[in-house]
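When you line the sequence shown up against UniProt numbering, it's residues 1 to 133, in that order.
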Amino acid sequence: MLDVVPRINPGGLVYMDIQQQVSDAQDQASSSNDTQNNPRISTRSVSTQVAVQSGQTVLLGGLIKQDNAESVSAVPYLGRIPGLRWLFGNTSKSKDRTELIVLITPRVITSSSQARQVTDDYRQQMQLLKPGG
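Structure follows, in structure tokens:
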């Protein structure tokens, strides 16, 4: 979720109250205490206020998620023998780190012709995002 409340002063400076929230379902293995098998939801959020000129870009970052995983595989039966586990088994560890970065560029529109131009520009950009567009 991204919530931006802009305010514009007479000099054209844009003040923005920004709230950003990211939610992820955790793996079932990490929520094994839940007897109903309901997924746990991990939520990260940031709230800030910025002031920029029209057309300047604001970069929001810091919503970092790091997952550490460990998997164990072994030859059936032989991998369970304590002294031989290291010969017939394998343990692999992995780390997955993601960071969400959001760029916001406010533009102050002062006329209906500017509003039409901005709308047309966004429409063209959205067409480029469509598959086969």
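A virtual CB, placed ideally from N, CA and C, is assigned to each residue, including glycine.
Expected contact under 8 Å - CB spacing of Gln53 and Leu13 to nearest Å
Their Cβ separation, rounded to whole angstroms, is 6 Å, which keeps Gln53 and Leu13 in contact under 8 Å.
Check your understanding: Anyone know if the C-beta pair for Ser45 and Gln21 falls short of 8 Å?
Key -> Yes, they are a contact pair.
query = Can Gln26 and Arg40 be called in contact, C-beta distance under 8 Å?
reply = Their beta carbons are under 8 Å apart, which means Gln26 touches Arg40 by this criterion.
Alpha-carbon spacing of Gln114 relative to Asp24, whole angstroms: C-alpha separation (whole angstroms): 39 Å.
When you compare only the Cα positions, how much space is there between Ile101 and Val5?
-> Inter-residue distance for Ile101 and Val5 is about 19 Å (C-alpha atoms, whole angstroms).
State the beta-bridge partners of Gln20 as determined by DSSP. Paired residues: Leu2, Val46.
When you compare each of Met16, Pro82, Gly132, Arg97 to Asn64 by their alpha carbons, which one comes out closest?
-> In the sequence as displayed, the identity of residue 64 is Ile instead of Asn. Relative to the Cα of Ile64, the nearest Cα in the group Met16, Pro82, Gly132, Arg97 belongs to Arg97.
* Per DSSP, Lys130 forms a beta bridge with which residues? -> None; Lys130 has no bridge partner.
* For Pro106 versus Met16, is the C-beta distance shorter than 8 Å? -> Contact annotation: Pro106 and Met16 have beta-carbon atoms nearer than 8 Å.
Under the assumption that Ile18 contacts Leu60 (Cβ atoms under 8 Å), give the Cβ distance between them as a whole number of angstroms.
Contact between Ile18 and Leu60 holds, with the beta-carbon distance rounding to 7 Å and staying under 8 Å.
Pull up the distance between the alpha-carbon of Gln66 and that of Leu103, whole angstroms please. The C-alpha of Gln66 lies about 22 Å from the C-alpha of Leu103.
| field | C-beta contact flag for Ser71 and Ser47 at 8 Å | value | Taking a C-beta distance under 8 Å as the contact criterion, Ser71 and Ser47 do not qualify as a contact pair.
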